[in-house]
Amino acid sequence: DGFQDTLYVHSNRQFFRECDIYGTVDFIFGNAAVVLQNCSLYARKPMPMQKNTITAQNRKDPNQNTGISIHACRILATSDLAASNGSFLSYLGRPWKLYSRTVYMMSYIGSHVHPRGWLEWNATFALDTLYYGEYMNYGPGGAIGQRVNWPGFRVITSQVEAGKFTVGQFIFGTSWLPSTGVAFLAGLTV
Numbered sequence: 004d005g006f007q008d009t010l011y012v013h014s015n016r017q018f019f020r021e022c023d024i025y026g027t028v029d030f031i032f033g034n035a036a037v038v039l040q041n042c043s044l045y046a047r048k049p050m051p052m053q054k055n056t057i058t059a060q061n062r063k064d065p066n067q068n069t070g071i072s073i074h075a076c077r078i079l080a081t082s083d084l085a086a087s088n089g090s091f092l093s094y095l096g097r098p099w100k101l102y103s104r105t106v107y108m109m110s111y112i113g114s115h116v117h118p119r120g121w122l123e124w125n126a127t128f129a130l131d132t133l134y135y136g137e138y139m140n141y142g143p144g145g146a147i148g149q150r151v152n153w154p155g156f157r158v159i160t161s162q163v164e165a166g167k168f169t170v171g172q173f174i175f176g177t178s179w180l181p182s183t184g185v186a187f188l189a190g191l192t193v
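Going by our numbering, the first residue of the sequence shown is number 4, and it counts up by one from there.
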C-alpha cells in the first residue's frame, strides 16, 4: 500500500499471488523475473499534474531473463480515482530502461486505463527496444484498438508466446513454489 514505487521487484525470481497492490507512479518497478497472479492492482488518485503508471521495468540488457508478468489479475481504480471522472490518466507502464519488458495476460483492465495503454518515459527512449505485450485481456480498458504503435509493443496472439511469461516457464515456479505451499497456476489457463 503506497503511492510512488510501492513494490520494488529488485532481483531474482519472484511470485505474488492474491495480493492487493496500491499506488500511483511506477508502483511496481524493478528488474526481477516476476509473476503477479490473481492480484488486484489499484491505481490511486495521484497528486496534481501526475499520471498513474502501474509498471516501470528496468531490464538493461536484452539477454537478461527478467520482466514483469501480470497474469489473471484485476487492474482497478480506487474510489477516489474513479470519482475524479477521468481527470487523471492511468497507464499500464512505461520503460525505465532500454530493454524494459512487461506483459499483461488474461487480466481485467478497468476503464481508468487510457486507450493508448502505455506511456513513454522520455520522448522515443526505448520504444523500439522494449517488449510490451498484451494477451487476451478484457474489460473496458482491455480494448487494443487504440493502443500505442511502437516497434516494441505487440498484441500477443500465440499461446506459445504467451506461455513464455507463465509461472512455469518465466520463473520456473514448478521447481520451487510447491515447497512454499502457495497456490499457483503453472500455465495460462485456470
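Cβ atoms here follow ideal geometry from the backbone N, Cα and C, with glycine treated the same way. Note that this is a predicted model, so its numbers are computed, not measured.
Assignment of Q60 by DSSP, reduced to helix, strand and coil, places it in the strand class. For the pair Y102 and D131, the CB atoms are not nearer than the 8 Å cut-off.
The secondary-structure analysis by DSSP pairs G33 across a beta bridge with Q60.
Going by beta carbons, A46 and S110 fall outside the 8 Å limit.
Put simply, of M50, H13, T56 and R77 the residue whose alpha carbon is nearest the alpha carbon of S43 is R77. DSSP, reduced to helix, strand and coil, places S43 within a strand of the structure shown. By the Cβ criterion, the segment 119-136 is in contact with the segment 154-173, since at least three pairs of Cβ atoms, one from each stretch, lie closer than 8 Å.
Rounded to whole angstroms, the gap between the alpha carbons of D4 and T160 is 33 Å. In the structure shown, L95 falls within a strand segment according to DSSP collapsed to helix, strand and coil.
In its chain, beyond the 5 residues on either side, V28, F91, L92, S93, Y94 and L122 have a beta carbon closer than 8 Å to the beta carbon of K54. When Q162, M108, F168 and R150 are compared, the shortest CA-CA separation from A35 is found for F168. Q172: member of the alpha helix (DSSP H) spanning V170 to F173, first to last residue.
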